[in-house]
Amino acid sequence: MAAHADLFFADQRTRADARPGTVRFTPQWNPHLRAEYLALFTEGFLPPPDPDLVFQSMTLEWYASVWDDKEAPWIAINPGTPCEAFLPAGTPQARALWRQRADGRSRNGTP
């Protein structure tokens, strides 16, 4: 379940090496959504190794805590795979729902 999995995002190796400890999201365009999204991957769906990329992992709860309205309005978990999932990210309410899922709570507050 994505709420408890490590979710990896790609970063340029040169940027990550030059600024260790920082994070830079690079959104992509989805023509079906007509919006940008951030591609996140679970461990089993990471793309093949690329010498120019590094993958950093964070939890859904972490993304919910650092995301703001300037970021892409969607995240895509495992895009381009049979189990891809697009989650709205553009509102505080959507991110609050991520936090609830990460905490293991349902909409009514029960586990």
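For reference, each letter of the sequence shown is one residue, going 192 to 302 in our numbering.
C-beta: ideal position from N, C-alpha, C; glycine also.
Taking contact to mean at least 3 C-beta pairs separated by less than 8 Å, is the stretch 264–272 in contact with the stretch 223–236? yes
Relative to the C-alpha of P162, which residue among L198, A287, D202 is closest? With the chain covering 192 to 302 only, the question about residue 162 has no answer from this structure.
What's the call for W220, buried or exposed, on a 16-neighbour Cβ count within 10 Å? On the sequence shown, residue 220 is found 29 positions in, with the first residue counted as 1. So W220 ends up on the exposed side.
Using three-state DSSP, classify D197 as helix, strand or coil. As a first step, residue 197 is located in the sequence shown; it is residue number 6 there, counting from the start. DSSP places D197 in coil when its eight states are reduced to three.
Close Cβ partners of R290 (< 7 Å) along its chain, the five nearest in sequence each way excluded: Counted from its first residue, the sequence shown places residue 290 at position 99. Closer than 7 Å at Cβ, skipping near neighbours: E252, A255.
Please identify the residue among L244, T233, Y228, P238 whose C-alpha is closest to the C-alpha of T205. Locating residue 205 in the sequence shown gives position 14, where the first residue counts as 1. Of the candidates L244, T233, Y228, P238, the one whose C-alpha sits nearest the C-alpha of T205 is L244.
Which residues DSSP lists as bridging D241, in chain order: Reading the sequence shown from its first residue, position 50 is the one you call residue 241. None, per the DSSP bridge assignment.
Between the beta-carbon of L229 and the beta-carbon of A263, is there less than 9 Å? As a working note, residue 229 is residue 38 in the sequence shown. As a working note, residue 263 is residue 72 in the sequence shown. It is a contact, given that the beta carbons lie within the stated cut-off.
Which whole runs of the beta strand (DSSP E) in the stretch 254–281 are 3 residues long or more, in chain order? 265–268, 276–279
Measuring straight from C-alpha to C-alpha, what distance separates D260 and D208? Along the sequence shown, read from residue 1 onward, the residue named residue 260 stands at position 69. Along the sequence shown, read from residue 1 onward, the residue named residue 208 stands at position 17. The straight-line gap from Cα to Cα measures roughly 27 Å.
Taking the Cβ atom as the reference point for each residue, do C274 and F246 lie within a distance shorter than 9 Å? Start at 1 with the first residue of the sequence shown, and residue 274 comes out as number 83. Start at 1 with the first residue of the sequence shown, and residue 246 comes out as number 55. The answer is no: Cβ separation not under 9 Å.
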